[in-house]
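In the working numbering, the protein residues as written are 1019 to 1289. Working notes for the structure below.
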C-alpha cells in the first residue's frame, strides 16, 4: 500500500522512487501556507465506499482531531481561509455529528468530502441535502470532487456554493466534450467531415476557431493541442453553466432552469 494512516498523521510511499514521507495535519497546513493558497483544506481521511460503520466513525473522529490541529497550526488567517471538511460516509448520524462539531470550531467555510467515490447518485444527493442543513448559510459550502453538469445543478439546489473536479479535463484528454445537447465524443468517426463547432451555442476560443473535424484530426494525430482545445471548451462550458445557475437563482427560477437544461442535455429527471 502507498499509505499508512496513524493517529498523528499519514505515511506515504512515493510512487516515483519508493521513498517514505510522513504528513501531519500541521505539515499539510505549513505547505499550503507556503504555497499561498487562497483557500486551504484541513487534513482529512476520505473513507472508501462501501465502508462499515465502525471504520467510518473512526475515520470521522480522526478528521475532526486533524481539523483542530490544523486550525491551531494555521498562521495566515487574514489572507488564507482554512475550510473544515465534513466526513461520515453515507451514515446520516455521522455526517450530522461531524458537521456540528466542525461548525463549533468556527471555520470560514466548510467542505463536504467523501462523496462521488462510487456511491449511487441518489445517495450522494441525500447526504448533501442532509449535510448542508447543519452548515451555516452565511459561509461557503464546498462539495469536493463533484463536477458533472447534473451534479452541479443538483448540488446548488441543495445549498452548495463551490465545486472542484478533474472531470472536465480528464474527459477532454480522452476526446469527450460537454455540449448544450449532451456529451459528444469528438474523436469518433462521424465527426471526420463535420465542420461545425463542438457546440453551436458556445462562444469559447475553441468553438470560435476550430471545427469538430479538425479537433478529431488532432486527436487522431496524438497532437497535444487536441486535449488543450477540448479542455478549454469543457472548462468554459462549466463556467458558463455556473453563470446561468446564478442568473436563475437571481430570477428565482432555478428548478425551472434545471428542467430545461436536463431536457436539452438528455438527462432523465430522477431526483
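Think of the CB as a built atom: it goes at the ideal place given N, C-alpha and C, for glycine as much as any other residue. Owing to the predicted nature of the structure, the values given are computational and were not obtained by experimental measurement.
If you draw a straight line from the Cα of residue 1177 to the Cα of residue 1054, it comes to about 28 Å. A distance below 8 Å between beta-carbons, with the five flanking residues on each side excluded, links residue 1267 to the following residues of its chain, in chain order: 1174.
Taking a C-beta distance under 8 Å as the contact criterion, residue 1104 and residue 1128 qualify as a contact pair. Boundaries around residue 1264 are those of the alpha helix (DSSP H), 1242-1268, since no beta strand (DSSP E) includes it.
If you check the CB distance, residue 1091 and residue 1029 do not come in under 8 Å.
Distances from the alpha-carbon of residue 1206 to those of 1227, 1078, 1236 and 1226 put 1236 closest. The shortest C-alpha to C-alpha distance from residue 1093 to any of 1087, 1084, 1033 and 1051 is the one to 1051. Non-local C-beta neighbours of residue 1098 in its own chain, meaning closer than 7 Å and more than five positions away in sequence, comprise 1051, 1055, 1056 and 1058, ordered along the chain.
Residue burial is scored here from C-beta neighbours: residue 1023 has fewer than 16 other C-beta atoms within 10 angstroms and is therefore classed as exposed.
Given a length threshold of 4 residues, each whole run of the alpha helix (DSSP H) inside the segment 1153-1203 is given here in chain order: 1167-1175 and 1185-1191. Restricting attention to 1254, 1240 and 1036, the CA atom closest to the CA of residue 1225 is found in 1254. Straight-line spacing of the CA atoms in residue 1147 and residue 1274 works out to 19 Å. Per DSSP, residue 1274 lies in no beta strand (DSSP E); the unbroken alpha helix (DSSP H) holding it starts and ends at 1272-1283.
From the listed residues 1279, 1131 and 1125, the smallest Cα separation to residue 1112 is found for 1131. Under the DSSP assignment, residue 1100 falls outside any alpha helix (DSSP H), being part of the beta strand (DSSP E) whose first and last residues are 1099-1104.
Residue 1072: not part of any beta strand (DSSP E); member of the alpha helix (DSSP H) spanning 1071-1091, first to last residue.
Here residue 1123 is exposed: its Cβ has fewer than 16 other Cβ atoms, across all protein chains shown, within 10 Å. According to DSSP, residue 1128 shares a beta bridge with 1102 and 1159.
About 11 Å separates the beta carbon of residue 1081 from that of residue 1117, a gap too long to meet the 8 Å contact definition. Distance between residue 1100 and residue 1161, taken at the CA atoms: about 15 Å. Residue range 1230-1238 is occupied by the alpha helix (DSSP H) that includes residue 1233.
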